[in-house]
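Below is one structure, written out as structure tokens, with a few remarks after it.
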Amino acid sequence: MVDIIKASNYDAIFILREAFALGPPFVELALQKFCGRMIFDFDDAIYTKSLAYRNPIDRLRDFRKTAKIIGSADTIIAGSSYLARYATEHCRSDARVEVLPTVVDHNLYHPRRKDDNGYITLGWIGTPRGSHYVADLMPVFKRLCTRFKQLRMVFVGVEPFDTQNLPIEIRDWSLARETKDISEFDIGIMPLTDDEETRGKCGFKLIQYMSCAVALVASPVGANNEIVQDGKTGFLADTQSQWESRIAMLIEDDLLRKRMADCGRKRAIEHYSLEVTAPVLFKILTETAKR
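Its first residue numbered 4, the sequence shown is counted upward by one per residue in our numbering.
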């Protein structure tokens, strides 16, 4: 309560996703009432009832909260154009909606000289919530391993599953190892289903792959379509047949893989880096505070 009252001492409040996870947006709206100006930032379709919410306490979530906060905010920062369209549908007529992708400090993501050990490493990094997207491609992995004996896979942060005796290494996610793990990949993947939740994803792992100069294959869903320049910085793949053929092309052609990796790194630095985005965010914050 004290923090809510103290909000009156500030020119604007900045809320990332939500101030309190459960229930209606009482805290968020109270902060806005005391302060007068609110900036709301979201980078996922947090307004959807995700299948990943399996904890009984998740029943206390109010999935209408996001729309209510947007309806009260002066400025909304969306992580993708898809989320921006949602924001536009629910915001005030005088509100400002901006698209600002989730970015990385590219100085912390270093392309690594790949070990000439004869292996091609296919990788994925994420959280256990995304495990089923990887597991859905097991038939593809099985066929690829039959075709390419040099293929191995490293899945970071995935929930353990039956690897069917394929050359798959499952690692726990660690912030300290994150960039090192990604830099071991020759090919990074981001498979998704096509639904309301996934269309709201902002493709952060693709930006991480590109920043480490890793060639990639991704599903053509949501922000992936904006991030990936199909055939230049990576491949988009919809069906399992496409997934197999696109990955196979990258395994077989070292020059193609390197060209895409280099193009991806360049695109990440020019469009998805902290250096490019920080001044834009600063401008949005200061202009809102002065309204």
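The beta carbon of each residue, even a glycine, is placed where N, CA and C say it ideally should be.
Extract the residue ranges of the alpha helix (DSSP H) inside the stretch 70-101, only unbroken runs of 4 or more that lie entirely within it. 84-93
In three-state DSSP terms, what is residue 308? Residue numbering for the chain in the displayed model covers 4 to 294; residue 308 lies beyond these limits and cannot be assessed.
Whole angstroms is fine: what's the gap from residue 167's alpha carbon to residue 154's? Residue 167 sits at position 164 when you count from the first residue of the sequence shown. Residue 154 sits at position 151 when you count from the first residue of the sequence shown. Their backbone Cα atoms lie some 15 Å apart in a straight line.
Return yes when the Cβ of residue 265 is within less than 8 Å of the Cβ of residue 216, no when it is not. Taking the first residue of the sequence shown as position 1, residue 216 is located at position 213. Taking the first residue of the sequence shown as position 1, residue 265 is located at position 262. Contact: yes.
With distances taken Cα to Cα, identify the nearest neighbour of residue 187 among 76, 171, 123, 205. Position 184 of the sequence shown, counted from the first residue, corresponds to residue 187. Answer by Cα proximity: 123.
Per DSSP, which residues does residue 16 bridge with? Please list them. Position 13 of the sequence shown, counting from 1, holds the residue named residue 16. Per DSSP, 41.
Other residues of its chain near residue 75: CB distance less than 7 Å, five sequence neighbours each side excluded: In the sequence shown, the residue the question calls residue 75 occupies position 72. Excluding positions up to five away in sequence, the list reads 32, 35, 41.
For the candidate residues 104, 82, 38, whose alpha-carbon lies nearest to that of residue 17? Looking up residue 17 in the sequence shown gives position 14. Minimum Cα distance to residue 17 is reached at 38.
Is it a yes or a no for the stretch 251-266 touching the stretch 128-142, going by three-plus beta-carbon pairs under 8 Å? no
Residues that residue 299 bridges to, as DSSP identifies them: This structure cannot speak to residue 299, because the chain is shown only from 4 to 294.
Within a Cβ cutoff of 7 Å, which residues of the same chain sit near residue 224, ignoring the five residues on either side of it in sequence? One-based indexing of the sequence shown puts residue 224 at position 221. So the qualifying residues of the chain are 195, 197, 201, 202.
Check whether the stretch 100-116 and the stretch 269-287 touch, using three or more Cβ-Cβ pairs below 8 Å as the test. yes
Less than 8 Å separating the beta-carbons of residue 21 and residue 68? Locating residue 21 in the sequence shown gives position 18, counting from the first residue. Locating residue 68 in the sequence shown gives position 65, counting from the first residue. It is a contact, given that the beta carbons lie within the stated cut-off.
At least three beta-carbon pairs within less than 8 Å, the stretch 97-107 to the stretch 79-89: yes
Are the CB atoms of residue 267 and residue 212 within a distance shorter than 8 Å? Position 209 of the sequence shown, counted from the start, is the residue given in the question as residue 212. Position 264 of the sequence shown, counted from the start, is the residue given in the question as residue 267. Closer than 8 Å, so yes.
In chain order, which alpha helix (DSSP H) runs of at least 4 residues are fully inside the stretch 202-277? 207-214, 227-230, 243-255, 257-274
Going by beta-carbon coordinates alone, are residue 171 and residue 156 separated by less than 8 Å? Position 168 of the sequence shown, counting from 1, holds the residue named residue 171. Position 153 of the sequence shown, counting from 1, holds the residue named residue 156. Yes, Cβ-Cβ distance for residue 171 and residue 156 is below 8 Å.
Assuming residue 174 is part of the beta strand (DSSP E), what are its boundary residues? Your numbering for residue 174 matches position 171 in the sequence shown. 171-174 is the span of the beta strand (DSSP E), which, as asked, contains residue 174.
Expressed to the nearest angstrom, what Euclidean distance is found between the alpha-carbon atoms of residue 209 and residue 145? Within the sequence shown, residue 209 is the residue found at index 206, counting from 1. Within the sequence shown, residue 145 is the residue found at index 142, counting from 1. Cα to Cα, residue 209 sits roughly 23 Å from residue 145.
Quick one: grab the DSSP three-state call for residue 107. By 1-based counting over the sequence shown, the position of residue 107 is 104. Correct three-state label for residue 107: strand.
Since residue 263 contacts residue 235 with CB under 8 Å, what's their CB separation in whole angstroms? Here residue 263 is taken as the residue at index 260 of the sequence shown, counted from 1. Here residue 235 is taken as the residue at index 232 of the sequence shown, counted from 1. Right, the Cβ-Cβ distance comes to about 7 Å (below 8 Å), so this counts as a contact.
Helix, strand or coil for residue 67 per DSSP? Your numbering for residue 67 matches position 64 in the sequence shown. Residue 67 falls in the coil class under three-state DSSP.
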